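Asks: Residue numbers (this note's numbering), protein chains in the order written: chain A, 4 to 142; chain B, 4 to 142; chain C, 696 to 774; chain D, 696 to 774.
Encoded as structure tokens, here's the structure I'll be asking about.
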Amino acid sequence: MRIDIKISKDVLDPKICSDFVSHPSTGGIALFIGTVRNSTNNKKVLRLEFEAYESMAVSEMKKIAKAVVEKWDAQRVVIHHRVGVLDIEEIAVIIAVSTPHRKAAFEACEFAIDTLKQVVPIWKKEIFEDGEVWVAAHP
Amino acid sequence: MRIDIKISKDVLDPKICSDFVSHPSTGGIALFIGTVRNSTNNKKVLRLEFEAYESMAVSEMKKIAKAVVEKWDAQRVVIHHRVGVLDIEEIAVIIAVSTPHRKAAFEACEFAIDTLKQVVPIWKKEIFEDGEVWVAAHP
Amino acid sequence: MKLNLVAFGIAKDIIGEKNLVVDYDVMSIAQLKEQLCKDFPEFEALNSISFAINEEYRLDDFALTANDEVVIIPPVAGG
Amino acid sequence: MKLNLVAFGIAKDIIGEKNLVVDYDVMSIAQLKEQLCKDFPEFEALNSISFAINEEYRLDDFALTANDEVVIIPPVAGG
């Protein structure tokens, strides 16, 4: 199995992801780790809440991972996304890619997070001191 | 302290690196992990041996980290490099960068590993079944 | 035709519930979108609104079938 | 002048030891490189050869001082 896709209520672990993509003929491993930011437009964020349309989110994440395997000859791909309530600095997403050549790992990893943010049906609510907002919902 | 530079005889740990660069206002964390490959030009590699001119290597790695902080506004940078004898799939280098914006983290991390490979005085000997070779020494 | 709507994120807030059965005189995703924006004008204010059936995005000209489960997908924001 | 050479990696293999005190009639890094290639022709076959003094790379025109510790840096291959 070359890809590992997960949506999880539990804490995500970078080591599990880098271990999964490690491979004896790998030229480089790139990881992206997205964490919860303490502010948006200079407004203090208390915490985030992630909601997923889980079955379709997993299916879209698989499509991304397969594209990474095909386009960049990736040896292994991990995409793990957290759901539920997250505090500041907690990890929301981890993407890990191993490829025979180093440059491809960076490109593939960046493609994966960019595409995830565009197509995977996951929503994020920012909780402020005085209210809450669904991120990116409005222009 | 925004940067963490280390040359180590002991096993490197991706989690320590991602934890160090984690920061409440980070937009993205990029990691590069270089592992020992099982072959070179279709020739089976048994293990690697890394040697460093340690004081200068640390100094050059600090320069790279400072360049990353200045050019990409990085919040935190880790560069850890292993020395000694390494088996296949063991981690030789970890670079971790956190930045306010995601794209910068990838660019900065790729710059750091590219530059490390060009300037940091560390040497690598590949051990084959029938001999050994200093990598990149000869054309 | 009868459709089983499922709403996530802000769409759930706009509709007021996660699941809603409607009986609309619509044939395509485009017409469903139009009807939804009439019934729930707040959808007009969103950056985008997409629809999925059987876990796949469906474009404007996709033909609906009675009793389809149609998932309303407001702007996503994972990562 | 007297110079304290320090060799790493393949340079150590070529010279045969890590530390070597030489007394060369050279003034600059460029001249030192030339002399070294005369005494140890295997250096000619390398991809590159650089020198560091006080943990900094020194270019060809850098002026040597008696008793400098000069580190010979063969092609690096970290990562």
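Here a beta-carbon is modelled for each residue, glycine too, at the ideal position from N, C-alpha and C.
Here the structure is a predicted model, which is why all the values come from computation and not from measurement.
1. By a C-beta neighbour count over all protein chains shown, 10 Å radius and 16 as the cutoff for buried, is A4(A) buried or exposed?
2. Please classify I116(A): does DSSP put it in a helix, a strand, or coil?
3. From F746(D), S745(D), N749(D) and I724(D), pick the residue whose C-alpha is nearest to that of M696(D); which is it?
4. Counting only Cβ pairs nearer than 8 Å, list the residues of chain B close to I775(D).
5. What's the gap between the Cα of L51(B) and the Cα of K18(A)?
6. Enumerate, from N- to C-terminal direction, the unbroken alpha helix (DSSP H) stretches of 4 or more residues contained entirely within the segment 696 to 726 of chain D.
7. List the residues that DSSP assigns as beta-bridge partners of I779(C).
8. Run through the segment 58 to 135 of chain A for me and flag every whole beta strand (DSSP E) of 3 or more residues, listed as ranges in chain order.
9. Measure the alpha-carbon distance for C732(D) versus V701(D) and round it to whole angstroms.
10. Checking contacts by CB at 8 Å: is T38(A) closer than that to chain B?
11. Name the one or two DSSP bridge partners that T38(A) has.
12. Output, in chain order, the set of chain D residues within a Cβ distance shorter than 9 Å of E54(B).
13. For E113(B), go through chain A and note every residue whose CB falls closer than 7 Å to its CB, in chain order.
14. Buried or exposed: where does S58(A) fall if 16 or more other Cβ atoms within 10 Å of its Cβ makes it buried?
15. Along chain D, in chain order, which residues have C-beta atoms closer than 8 Å to that of I143(B)?
16. E750(D) versus chain B: which residues are under 7 Å apart at the beta carbon?
17. Under 8 Å Cβ-Cβ, which residues of chain A neighbour N41(B)?
18. Give the single residue among Q78(B), M64(B), S101(B) and V71(B) whose Cα lies nearest to the Cα of G774(D).
19. Using a Cβ-Cβ cut-off of less than 7 Å, give me the residues of the segment 77 to 96 of chain A that come near chain B, in sequence order.
20. For the beta strand (DSSP E) that K202(A) lies in, which residues bound it at each end?
21. Give the straight-line distance between the Cα atoms of C20(B) and G704(C), rounded to the nearest whole angstrom.
22. List the residues of chain D that K120(B) touches, going by C-beta distances under 8 Å, in chain order.
23. Given that V14(A) touches chain C, what residues does it touch there, using C-beta distances under 7 Å?
Replies: To lay it out plainly:
1. Inspection of the sequence shows that residue 4(A) is occupied by Met rather than by Ala. Exposed, by the Cβ-count rule.
2. helix
3. I724(D)
4. Lying outside 696 to 774, the shown extent of chain D, residue 775(D) is not represented and no answer is given.
5. 23 Å
6. 704 to 710
7. No information on residue 779(C) is available, as it lies outside the stretch 696 to 774 that chain C covers here.
8. 79 to 85, 87 to 90, 94 to 102 and 125 to 131
9. 15 Å
10. yes
11. I94(A)
12. F703, G704 and K707
13. F109
14. exposed
15. Nothing about residue 143(B) can be reported from this structure: the residues present for chain B run from 4 to 142 only.
16. S58, M59 and S62
17. P27 and S28
18. M64(B)
19. I91 and E92
20. Absent from the structure is residue 202(A), since the part of chain A shown begins at 4 and ends at 142.
21. 34 Å
22. V771, A772, G773 and G774
23. The premise fails here: V14(A) is roughly 17 Å from chain C at the closest Cβ pair, so nothing lies under 7 Å.
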